[in-house]
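Residues 35 to 492, numbered by our numbering, are exactly what the sequence shown covers, in order. Ideal Cβ placement from N, Cα and C applies to all residues, glycine included. Small disclaimer: the values here were computed from a predicted structure and weren't measured. What follows is a short report on a single structure.
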Amino acid sequence: MEPRHSNRTTAERDIDSVLHPYTNLIRHKEVGPLVITHGQGVRVFDEAGKDYIEGLAGLWCTSLGWGEERLVQAASAQMRKLPFYHLFSHKTHDPAVALCDRLLGMAPVPMSKVFLAGSGSEANDTAIKLIHYRANALGKPAKKKIIAREKAYHGVTVATAALTGLPFNHRGFDLPFSGVLRAGCPHHYRFAQPGESEEAFSTRLAAELDALIVAEGPDTVAAFFAEPVMGAGGVIVPPAGYFPKIQAVLDKYDVLLVVDEVICGFGRTGRMFGTETFGIRPDMMTLAKGLSSGYAPISALMVNERVYGPVAEESGRIGVFGHGYTYGGHPVSAAVAVETLNIYAERDILAHIAKVGPVLQDGLAAFRDHPLVGEKRGIGLIGALELVADKAAKTPFDPKLAAGPLVVAKAQNHGVILRAMGDSVAFSPPLVISEAEIAELLRRFGKALDEAHGDLTR
Ligand code: PMP
């Protein structure tokens, strides 16, 4: 029999064989895929050799850009020495230990132990399981409800998708299930009342959180999950005073704070962690993406003694901590992560972000005058422009027009890959991007925005 792929293009074979994540599967049959073949620096290239500036660092992850030879070396050396080993039942290996040790040393607040997994979803899923395990350990089996916010993104496993607060992660999947509570989204532009200052908005959200916990019963509420800057929800930077006010409410009712640093970790917001940028005191922190610059799948969950202590006791009582992934702490991924952290330190990535971050932010701010742009948001090397039909009234576009995806499609034609979250277009380029590359990215994007304006107002 003929092999299925004889004389057929990658795109044709893709349509026949790949079930794509985050894709309209019916539409995909008509439009087909963009086939990316290689990358260098902040650019990736398609089959025809066309270059694209990767304005989202892949999926917010490729912090060091493409072609970083030191990561290739770290992976191949580890692949030769010990391509697989695990951490189950009292085994260990040096790359995992080196990484956990290193992360504890970098932690912005005292942390006790690190659990390694393969993805952001797995790290957050593990956090949820630890919350349950801890509640049982403490003899408070009713204190297990978890609060997450509207527009949150914490992953797509059954449990983490339930925390995620975006409709298309729930629709059709029978999610969320009970036990998940929803808090308000700190999106000042969209959800503040007319004339309400950022501080006043933060105060109101904290009061609403307090009321939610009281209504549910503080003895039933275990934890609050939050991204420092909400990424997939549309790059929502918290309003002034938000986290200290929220933290005070959580402290009052003995509710744990899980900070999801999957996007913000490792420099994205200008400090090493979003936790530092916004003055947060987490009990657990989840890390992924920039941890290995996306070169190998790996994530980490850091827990403080408040979490680790009871969990360890419970495992002693039960006989085993019955949780772990085959690839958790994979030695090749761990070695790549350690080398990634070495590179961030040696090249002083934070100093670079301090230099180029304002170039991106100022460049995005310059689009505020554009007729399509309602709001510019951002900090460090993450930002977004929210598109609106009417600037003065902040009226969104009719969703049928798909204004955000239209701009992103046009940007792709002009050689810049971006992502639309509804009508917010997100920017999160590799952290190593230069000032000249930012200028080029924004120039290409500007052409797309002007073209989309023509189409949308025709
Ligand atoms: N948390 C946040 C904040 C994320 O942005 C993501 C992924 N975009 C996740 C968790 C889930 O990570 P993964 O896709 O690796 O499971």
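With distances taken between CB atoms, is the gap from glycine 92 to tyrosine 187 smaller than 8 Å? As a position in the sequence shown, residue 92 is number 58, starting the count at 1. As a position in the sequence shown, residue 187 is number 153, starting the count at 1. Not a contact, by the Cβ cut-off of 8 Å.
Are there three or more Cβ pairs, one per stretch, closer than 8 Å when the region 225-236 is compared with the region 274-281? yes
Helix or strand or just coil, what does DSSP make of serine 367? What you label residue 367 is simply residue 333 of the sequence shown in a count that begins at 1. Helix, per DSSP.
Close beta carbons around leucine 475, own chain, < 7 Å, minus the five adjacent residues each side: Sequence index remark: in the sequence shown, residue 475 carries index 441 (1-based). The residues are Ile87, Gly89, Val450 and Pro463.
Using CA coordinates, which residue listed in Lys481, Met145 and Leu415 is at the minimum distance from arginine 302? Sequence index remark: in the sequence shown, residue 302 carries index 268 (1-based). Nearest of Lys481, Met145 and Leu415 to arginine 302, Cα basis: Leu415.
Just verifying my parser: in three-state terms, what is the DSSP assignment at tyrosine 167? Here residue 167 refers to the residue found at position 133 when the sequence shown is read from its first residue. The answer is helix: DSSP assigns tyrosine 167 an H, G or I state.
What are the residues that DSSP puts in a beta bridge with valine 292? One-based indexing of the sequence shown puts residue 292 at position 258. Phe259 and Met318, per the DSSP bridge assignment.
Would the beta-carbon of valine 292 be found less than 7 Å away from any heavy atom of ligand 1? Residue mapping note: residue 292 aligns to position 258 of the sequence shown, counting from 1. No, Cβ of valine 292 sits at least 7 Å from all heavy atoms of ligand 1.
Does the Cβ-Cβ distance between leucine 200 and glycine 267 come in under 8 Å? Working through the sequence shown from its first residue, we reach residue 200 at position 166. Working through the sequence shown from its first residue, we reach residue 267 at position 233. Yes. Within cutoff.
Just to check, is the beta-carbon of glycine 154 closer than 7 Å to a non-hydrogen atom of ligand 3? The model on display carries ligand 1 but not ligand 3.
Exposed or buried, which one is serine 110 when buried takes at least 16 other CB atoms within 10 Å? The residue labelled residue 110 in the question sits at position 76 within the sequence shown. The residue is exposed, with fewer than 16 neighbouring Cβ atoms inside 10 Å.
Whole angstroms are fine: how far does the CA of lysine 163 sit from the CA of isoleucine 352? Working through the sequence shown from its first residue, we reach residue 352 at position 318. Working through the sequence shown from its first residue, we reach residue 163 at position 129. Using only the alpha carbons, I get a separation of about 15 Å.
For histidine 124, which residues does DSSP report across the bridge? One-based indexing of the sequence shown puts residue 124 at position 90. Partner(s): none; histidine 124 has no beta bridge.
What runs of the beta strand (DSSP E), each 3 residues or longer, lie entirely inside the region 170-253? 179-183 and 214-217
In this structure, how does DSSP classify serine 349 when only helix, strand and coil are distinguished? By 1-based counting over the sequence shown, the position of residue 349 is 315. Correct three-state label for serine 349: helix.
Can you tell me which of the three DSSP states valine 390 falls into? Counted from its first residue, the sequence shown places residue 390 at position 356. In this structure, valine 390 counts as helix in the three-state DSSP scheme.
For threonine 429, name the three-state secondary structure that DSSP assigns. The residue labelled residue 429 in the question sits at position 395 within the sequence shown. If DSSP states are grouped into helix, strand and coil, threonine 429 belongs with the strands.
To which residues of the same chain is lysine 481 closer than 7 Å at the C-beta, ignoring the five residues directly before and after it? Along the sequence shown, read from residue 1 onward, the residue named residue 481 stands at position 447. Result list for lysine 481: His448, in chain order.
Nearest to lysine 185 by CA position, among Val192, Lys179 and Ala196, is which residue? For this step, residue 185 is matched to residue 151 along the sequence shown. That would be Ala196, whose Cα lies nearest to the Cα of lysine 185.
For the beta strand (DSSP E) containing isoleucine 416, name the first residue and the last one. Here residue 416 refers to the residue found at position 382 when the sequence shown is read from its first residue. First-last of the beta strand (DSSP E) with isoleucine 416: 416-421.
Using only CA atoms, which one of Leu150, Pro142, Thr198 and Ala82 lies nearest to proline 331? Stepping through the sequence shown from its first residue, residue 331 is reached at position 297. Considering only alpha carbons, the answer is Leu150.
Whether glycine 101 touches glycine 75 by CB criterion (8 Å): As a first step, residue 101 must be located in the sequence shown, where it is residue number 67. As a first step, residue 75 must be located in the sequence shown, where it is residue number 41. Cβ distance < 8 Å, so glycine 101 and glycine 75 count as in contact.
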